[in-house]
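*Asks:*
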Amino acid sequence: MTLDIDQEAMTINLTKAREILGDIVARASHGGERTYITRNGKIAAVVVPAEQMKEIDQLLERLEDLEDTITALEFDLNRENEKTQPLSEFIRELEAEDNT
80 MTLDIDQEAM TINLTKAREI LGDIVARASH GGERTYITRN GKIAAVVVPA EQMKEIDQLL
140 ERLEDLEDTI TALEFDLNRE NEKTQPLSEF IRELEAEDNT
C-alpha cells in the first residue's frame, strides 16, 4: 500500500525529527498539522493531532462494522440461494452413503 503525502504536511527524516520532536508535537497539538517522518526515504510514521486520530479511529470502527454487515449479508444471500433440506433427510442420505 502506498501512502500519498498530504502536500500541506511537513515531511522530515527521522534523524531531524528526533532533534525537533517538541516542535513537531506542538505543530500537531496546537496547529493541527501532520508530519510525515521518513526512514531510509520511506514513510515510517505520521504525527497527527490527537483529535484527528480519534476521528480516524472512529472511522476505522465504522468501516469494520460495515465489513461485518457486508459479510453477514453475503452469507444470508448465499444461504438463500442454496438448496436446504430437513435434517432427517440429510441423515438418511448420509446413512445411505455409508451403506454403499
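Numbering (the numbering used here), first residue to last: 80 to 179.
Where is the CB? At the ideal position from N, CA and C, for every residue including glycine.
#1: Using beta-carbon positions only, say whether I116 and A124 come within less than 9 Å of one another.
#2: According to DSSP, simplified to helix, strand and coil, what is I149?
#3: Could you check if R113 is buried or exposed, using at least 16 other CB atoms within 10 Å of its CB as the buried criterion?
#4: When the Cα of P128 is compared with those of S167, D136, K121, which residue comes out closest?
#5: Please classify A175 as buried or exposed, where buried requires at least 16 neighbouring CB atoms within 10 angstroms.
#6: At the 9 Å Cβ level, is R97 part of the contact set with chain B, yes or no?
#7: Alpha carbon to alpha carbon, what distance is there between L166 and N160?
#8: Just the Cα atoms here: how many angstroms apart are N178 and T163?
#9: Secondary structure at N92, three-state DSSP: helix, strand or coil?
#10: Identify every run of the alpha helix (DSSP H) within the region 97-156, keeping only runs that are complete inside it and at least 4 residues long; order them along the chain.
*Replies:* Taking the coordinates as given:
#1: yes
#2: helix
#3: buried
#4: D136
#5: exposed
#6: Looking at the structure shown, chain B is missing, and only one protein chain is on hand.
#7: 18 Å
#8: 23 Å
#9: strand
#10: 100-110
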